[in-house]
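K.L.:
Residue numbers (this note's numbering): 37 to 151.
Positions of the beta carbon are idealized from the N, C-alpha and C atoms, including for glycine.
Here it is, the structure in full.
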């Protein structure tokens with residue numbers, strides 16, 4: 037599994053997945069979900085070059101009762117599913133480990149005034 041912290045050696049598809057995550061914003065916080073630390077990782081299973089790959093994205097929300105619980109997972113699924121080479125996307129919404137502000141990037145902390 038590739039995690040949000042492992043960004044040095046990404047495949048072209050993983051770079052595209054990361055770009056999708058950087059383009060989706062939490063509706064209540066003006067920061068991409070990637071920088072908020074809501075993406076815990078993903079797995080890619082190849083189904084053959086012509087058929088595309090299956091992608092499972094492991095993500096969380098800032099809180100289990102987050103108002104964006106209905107929209108953010110759908111946005112992630114649709115964004116990744118639109119990538120060339122992706123056959124099927126599954127969103128694995130998890131709450132362990134529990135989300136904390138330490139998961140935010142320095143950029144997100146700066147944007148939100150925590151630095």
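Which of the three DSSP states, helix, strand or coil, is assigned to residue 62?
P.N.:
The answer is coil: DSSP assigns residue 62 none of H, G, I, E or B.
K.L.:
Looking at the unbroken beta strand (DSSP E) that takes in residue 142, where does it start and where does it end?
P.N.:
First-last for residue 142: 142-147, but that is the alpha helix (DSSP H), not the beta strand (DSSP E).
K.L.:
If we call anything under 8 Å between Cβ atoms a contact, is residue 95 one with residue 80?
P.N.:
No, these two residues do not count as a Cβ contact at 8 Å.
K.L.:
Rounded to the nearest angstrom, what separates residue 117 and residue 73 at their Cα positions?
P.N.:
Those two C-alpha atoms are separated by around 21 Å.
K.L.:
Go ahead and label residue 110 buried or exposed: buried means 16 or more other beta carbons lie within 10 angstroms of its beta carbon, across all protein chains shown.
P.N.:
Counting Cβ neighbours within 10 Å, residue 110 comes out exposed, since fewer than 16 surround it.
K.L.:
By how many angstroms is the C-alpha of residue 54 removed from the C-alpha of residue 122?
P.N.:
Going from the Cα of residue 122 to the Cα of residue 54 covers about 14 Å.
K.L.:
Closer than 7 Å: is that where the CB of residue 119 sits relative to any heavy atom of the ligand GTP?
P.N.:
Of ligands this structure carries none, so the ligand GTP is not represented either.
K.L.:
In or out: residue 51 buried (at least 16 other Cβ within 10 Å) or exposed?
P.N.:
Residue 51 is exposed by the Cβ-count criterion.
K.L.:
With a threshold of 16 other CB atoms inside 10 Å of the CB of residue 86, please say whether the residue is buried or exposed.
P.N.:
So residue 86 ends up on the exposed side.
K.L.:
Consult DSSP for residue 87 and reduce its assignment to one of helix, strand or coil.
P.N.:
Residue 87 falls in the coil class under three-state DSSP.
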